[in-house]
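Using my numbering, the first residue of the sequence shown is number 52, and each one after it goes up by one.
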Amino acid sequence: MYHTLIIVGNLGKEPEMRYTPNGQAVTSFNVASNRQYTANNGQLVKETIWFRVSVWGKQAETCSQYLHKGSKVLIEGRLTPDPVTGGPKTYTKKDGGAGASYDVSASMVRFLSSRGEGGPGGGPEDVVVGGGEEESPIPW
């Protein structure tokens, strides 16, 4: 079986890069995907879904170098379920409501922001990193 998830959104904060004990780079960042539509009652509804994205190997280093808070990206990858529940990670929000964290293991990241957009340094416009990189078997 096979599934692919495509997300377009903006980084919510600066990416964080680290290295696994065997020296493989991994960068993680949050992406907000916004949607708005008009409900049946005529009201405008705004919806935001947050995704935790993990990028591995050489593309992790490239993402860490060029992406910044606010950068617009297109992510192609797969959902990574919580090993305990088999679904998204659930938590309680500050306001007491229920929340869910959707984890994505990226196979491709396309930079959509032009230079100067999305924080210091901008980044190369419409750059694609990924495709062919092997992922780490380490879930997180």
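Idealized CB from N, CA, C, for every residue including glycine.
Model, not experiment: these values are computed from the prediction.
- Using a Cβ-Cβ distance cut-off of 8 Å, the segment 87-97 and the segment 135-145 are not in contact, since fewer than three pairs of beta carbons, one from each stretch, lie closer than that value.
- Nearest neighbour of phenylalanine 162 by Cα position, chosen from His54, Val96 and Leu125, turns out to be Leu125.
- When secondary structure is reduced to three states using DSSP, serine 165 falls in the coil class, being assigned neither helix nor strand.
- Restricting attention to beta strand (DSSP E) runs no shorter than 3 residues, the segment 101-157 encloses them at 123-130 and 140-143, ordered along the chain.
- Relative to glycine 108, the option among Val135, Met68, Asp146 and Gly138 whose CA is nearest is Met68.
- Around the Cβ of serine 105, a 10 Å sphere holds 16 or more other Cβ atoms; the residue is buried.
- Ser79 is the residue among Thr136, Leu95 and Ser79 whose C-alpha sits nearest the C-alpha of glycine 63.
- DSSP places tyrosine 88 in the strand class (E or B) of the three-state scheme.
- Per DSSP, reduced to three states, the secondary structure at lysine 64 is coil, with no helix or strand assignment.
- Residue pairing by DSSP leaves methionine 52 without any beta bridge partner.
- Assigned with DSSP and collapsed to three states, threonine 71 falls in coil, not helix or strand.
- For the 8 Å CB-CB criterion, glycine 128 and alanine 151 do not form a contact.
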